[in-house]
Amino acid sequence: MSDFLIALPVLFPLSIAVIGLLRPGNVRYQKLIGLLGAVGLSVISGFLLWQTVIYKIGVLNIGSWDAPWGIPFVADYLSASMVAVSSLVYLAVVWYSLNVVSDKILSKYYFPLVGLLMMGVNAAFLTGDLFNLYVSFEVMLIASFVLMVMGGSRSQLEGGFKYVTINIFASFIFLAGIGILYGKVGSLNMADISRLVSDSPDSAAINTTIVFLLVAFGIKSAVFPMFFWLPASYHTLPTPIVALFAGLLTKVGIYSYLRSFTLLFKENADVFSNILLIIAACTMVVGVFGAASKFDIKRILSFHIISQIGYILFAIALMTEFAIAAAIFYTIHHIVVKSNLFLVGGLISSRFDNSDLKPMGGLYKTAPFLAILFAIPALSLGGIPPLSGFWAKLAVVRAAVEADVIWIAVIAVAVGILTLYSMTKIWAEAFWKAPPVCNEMDQTDVQDKRPPWGPCVLLAAVTVGIGFFPEVLFSFSIEAAKQLLNPEFYIQAVLKQ
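Here's what the structure looks like:
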């Protein structure tokens with residue numbers, strides 16, 4: 077595998093961001109650069125995934141410094157697949173943004189900031205260095221905060237303040253954990269840390285680090301009880317931004333959990349397994365009850381991000397090969413479905429110029445194709461066969477049953493039923509209910525503001541494809557799980573032992 081190819085998912089969006097800074101006032105130029113960046117990154121990430129399937133793993137040592145002194149970028153099954161699905165969402169969001177985002181916002185470096193965000197996301201997925209993972213988090217935080225408050229409204233500033241405050245706190249905790257670990261083992265290279273930790277007799281220092289990282293990644297992933305920043309901020313965001321954030325940002329935290337508990341702390345994972353299971357159960361329950369209590373599309377979907385993260389976390393906590401594969405399958409499915417739900421939610425809201433369900437209604441008559449577009453990701457999120465969400469939920473529940481943790485399997489099924497209730501609430505209010513008379517003129521007035529349907533069709537097609545051919549993605553997920561649970565494979569590739 078070409079070394080340069082491994083670096084391209086990071087270098088390309090950075091280059092797009094820099095090029096976009098050259099002519100900020102030219103809206104056509106900004107749109108062209110944004111679209112070229114999204115299409116280009118999708119092609120690059122697809123090729124990287126294909127090469128990873130062929131070569132199993134690729135390692136690039138930045139500056140030709142040999143490990144453990146240099147900063148490695150590593151493309152294995154997990155990281156390459158996360159880069160690929162993230163690029164797909166990036167393409168859909170940029171496509172959606174072209175017709176939705178105002179010229180005023182586009183001239184404020186909108187697409188360069190989105191490119192910078194993608195640089196941080198891909199760097200987090202590919203890096204093999206713990207401190208570089210922290211740097212990637214900070215790049216994401218800077219770009220996401222500016223995108224969050226770009227509209228300048230009071231609600232966005234308030235939500236952005238909550239978002240950045242709690243995430244800076246998480247960064248401090250993460251940095252403290254890195255410092256403790258470095259003081260103990262003297263390395264920041266993940267492969268080297270894995271080797272040194274397994275030989276270390278001092279479990280106290282290692283477990284302290286795990287607690288710090290567990291909290292930091294928990295905040296980034298919005299797990300219980302550190303989830304409150306997400307529903308307090310995400311509902312204030314424009315549709316394409318919240319779709320991008322919902323699909324990617326929390327998944328970087330989930331990826332960090334996967335990488336940490338299979339590579340860095342595999343020997344200590346059993347100590348924290350029960351804690352993670354309890355956290356996951358609380359995350360699922362709190363998220364779904366929060367969604368069930370809301371009557372605003374963005375608020376409902378924001379809380380469902382939390383509940384679905386719980387499913388992935390409990391699969392990680394089981395630490396079996398099938399459970400890790402189920403977590404990977406679920407993560408990929410959720411990135412696509414959740415991003416699409418926010419985009420479709422934008423299509424619905426644009427017809428009423430509001431995301432509140434109360435003034436909506438009648439869309440099953442006036443927009444039958446929109447009803448289909450909503451039904452696909454909504455039913456998938458609820459776990460209805462044969463869509464991708466059914467196979468994802470079936471896999472994590474089966475993993476729990478096989479691990480003889482029946483209680484959390486029961487909670488997962490119950491949360492799935494409540495998730496379906498939330499989706500049917502949106503359906504009943506926006507589609508089945510008769511439209512209020514006062515909104516008939518509003519729907520006519522906002523015709524020119526309607527966003528494009530193409531991105532939603534693209535992501536819905538992926539959801540249906542996974543649903544009808546789940547064995548393709550699950551076979552890939554099994555291979556990824558085998559790599560993760562055999563850290564010697566990763567260590568040998570990075571350290572060239």
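The C-terminal position of the sequence shown is numbered 573 in the numbering used here, with every residue numbered one higher than the one before it.
The C-beta atom is built at its ideal place from N, Cα and C for all residues, glycine as well.
Only a predicted model underlies this, so the values are computations on that prediction, with no experimental measurement involved.
Sort Ile452, Ile448, Val538 and Leu377 by Cα distance to Ser431 and report the nearest one. In the sequence shown, residue 431 corresponds to position 355, counting from 1. Ser431 has its Cα closest to that of Leu377, out of Ile452, Ile448, Val538 and Leu377.
### Query
Roughly how many whole angstroms lie between the Cα atoms of Val119 and Ala156?
Translated into the one-based positions of the sequence shown, residue 119 becomes position 43. Translated into the one-based positions of the sequence shown, residue 156 becomes position 80. Val119 and Ala156: Cα-Cα distance of roughly 13 Å.
Kindly give me the distance between the Cβ atoms of Ile411 and Ala403, rounded to whole angstroms, as I take these residues to be in contact under 8 Å. As a first step, residue 411 must be located in the sequence shown, where it is residue number 335. As a first step, residue 403 must be located in the sequence shown, where it is residue number 327. About 13 Å; that fails the 8 Å criterion.
In angstroms with no decimal places, state the Cα-to-Cα distance between Asp205 and Leu257. Mapped onto the sequence shown, residue 205 falls at position 129. Mapped onto the sequence shown, residue 257 falls at position 181. Distance between the alpha carbons of Asp205 and Leu257: 13 Å.
* Which whole-angstrom value describes the C-beta separation of Phe29 and Leu313, a residue pair presumed to lie in contact below a C-beta threshold of 8 Å? -> Here the chain covers residues 77 to 573 and nothing more, so residue 29 does not appear.
>> Contact defined as beta carbons within less than 8 Å: I believe Pro512 pairs with Gly437. What is the distance between those atoms, to the nearest angstrom?
In response: Within the sequence shown, the letter at position 436 stands for residue 512. Within the sequence shown, the letter at position 361 stands for residue 437. Distance from Pro512 to Gly437 at the Cβ level is roughly 6 Å; contact confirmed, criterion being Cβ atoms closer than 8 Å.
Practice problem: Identify the continuous beta strand (DSSP E) that holds Ala200 and give its terminal residues. | Solution: Within the sequence shown, numbered from 1, the residue matching residue 200 stands at position 124. Run containing Ala200: none in the beta strand (DSSP E); it sits in the alpha helix (DSSP H), Tyr186 to Leu202.
query = Quick one: Cα of Ala151 to Cα of Leu84, how far?
reply = Working through the sequence shown from its first residue, we reach residue 151 at position 75. Working through the sequence shown from its first residue, we reach residue 84 at position 8. Those two C-alpha atoms are separated by around 11 Å.
Pop quiz: Phe201 and Val159 are said to be a contact at Cβ under 8 Å. What is the actual Cβ separation, rounded to whole angstroms? Mapped onto the sequence shown, residue 201 falls at position 125. Mapped onto the sequence shown, residue 159 falls at position 83. That belief holds up - the Cβ atoms of Phe201 and Val159 are roughly 5 Å apart, short of 8 Å.
Collapsed DSSP secondary structure at Leu264 in the structure displayed: Here residue 264 corresponds to residue number 188 of the sequence shown, with the count starting at 1. Here Leu264 sits in coil by DSSP.
*asked:* Counting C-beta neighbours from all protein chains within 10 Å, is the total for Arg99 16 or more, i.e. buried, or is it exposed?
replied: Counted from its first residue, the sequence shown places residue 99 at position 23. Burial call: exposed.
- Task: For Ala569, count neighbouring C-beta atoms within 10 Å of its own C-beta (all shown protein chains included) and say buried if the count is 16 or more, exposed if not.
- Result: Along the sequence shown, read from residue 1 onward, the residue named residue 569 stands at position 493. Buried, because 16 or more other Cβ atoms sit within 10 Å of the Cβ of Ala569.
- Given a cut-off of 8 Å, decide if Phe390 and Leu353 are closer than it, judged by their beta-carbon atoms. By one-based count along the sequence shown, residue 353 stands at place 277. By one-based count along the sequence shown, residue 390 stands at place 314. Going by C-beta atoms, Leu353 is nearer than 8 Å to Phe390.
| message | Tell me the residue span of the beta strand (DSSP E) that contains Gly134. | response | Residue mapping note: residue 134 aligns to position 58 of the sequence shown, counting from 1. Unbroken beta strand (DSSP E) run through Gly134: Gly134 to Asn137.
Report task. Kindly indicate the opening and closing residues of the beta strand (DSSP E) around Ala151. Result -> Residue numbering aside, residue 151 sits at position 75 when the sequence shown is read from its first letter. Ala151 -> beta strand (DSSP E) spans Pro148 to Ala151.
Exercise for review: On a CA-only basis, which of Phe149, Leu325 and Met266 is nearest Leu584? Give me that one, please.
Suggested key: Residue 584 lies beyond the residue range present for the chain, which begins at 77 and ends at 573; the question has no answer from this structure.
Along the alpha helix (DSSP H) that carries Glu478, what are the first and last residues, could you check? In the sequence shown, counting from the first residue as 1, residue 478 sits at position 402. Glu478 -> alpha helix (DSSP H) spans Ser464 to Glu478.
(request) In angstroms with no decimal places, state the Cα-to-Cα distance between Thr396 and Leu193. (result) Taking the first residue of the sequence shown as 1, we reach residue 396 at position 320. Taking the first residue of the sequence shown as 1, we reach residue 193 at position 117. Taking the straight line from one Cα to the other gives about 33 Å.
| said: Threshold first: 4 residues or longer. Then list the alpha helix (DSSP H) segments lying entirely within the segment 480 to 513, N to C. | reply: 482 to 503
Checking 8 Å against the spacing of the C-beta atoms, do Ala114 and Leu167 come in under that value? Locating residue 114 in the sequence shown gives position 38, where the first residue counts as 1. Locating residue 167 in the sequence shown gives position 91, where the first residue counts as 1. It is a contact, given that the beta carbons lie within the stated cut-off.
Can you check which of these residues, Lys374, Phe379, Phe405 and Ile373, is closest to Ile18 by C-alpha distance? As shown, the chain starts at 77 and ends at 573. That puts residue 18 outside it, with no answer to give.
Problem set entry | Alpha-carbon spacing of Ala308 relative to Ile382, whole angstroms | By one-based count along the sequence shown, residue 308 stands at place 232. By one-based count along the sequence shown, residue 382 stands at place 306. If you take the alpha carbons of Ala308 and Ile382, they lie about 12 Å apart.
Legend entry - Proximal residues to Ile317 (C-beta, below 6 Å), its chain only, five neighbours per side dropped: Within the sequence shown, numbered from 1, the residue matching residue 317 stands at position 241. These residues qualify, in order along the chain: Leu223.
Discussion item. For Asp372, list the residues DSSP reports as bridge partners.
Written reply: Here residue 372 corresponds to residue number 296 of the sequence shown, with the count starting at 1. Answer by DSSP bridge pairing, in chain order: Asp432.
ask   = Counting Cβ pairs, one atom from each stretch, are 3 or more of them under 8 Å apart for the segment 493 to 500 and the segment 365 to 375?
value = yes
Nearest-angstrom Cβ-Cβ length linking Leu154 and Leu560, presumed shorter than 8 Å:
As a first step, residue 154 is located in the sequence shown; it is residue number 78 there, counting from the start. As a first step, residue 560 is located in the sequence shown; it is residue number 484 there, counting from the start. Correct: roughly 6 Å between the Cβ atoms.
- Regarding Lys296 and the ligand COA, is the C-beta to nearest heavy atom distance less than 7 Å? This structure does not include the ligand COA; it has no bound ligands of any sort.
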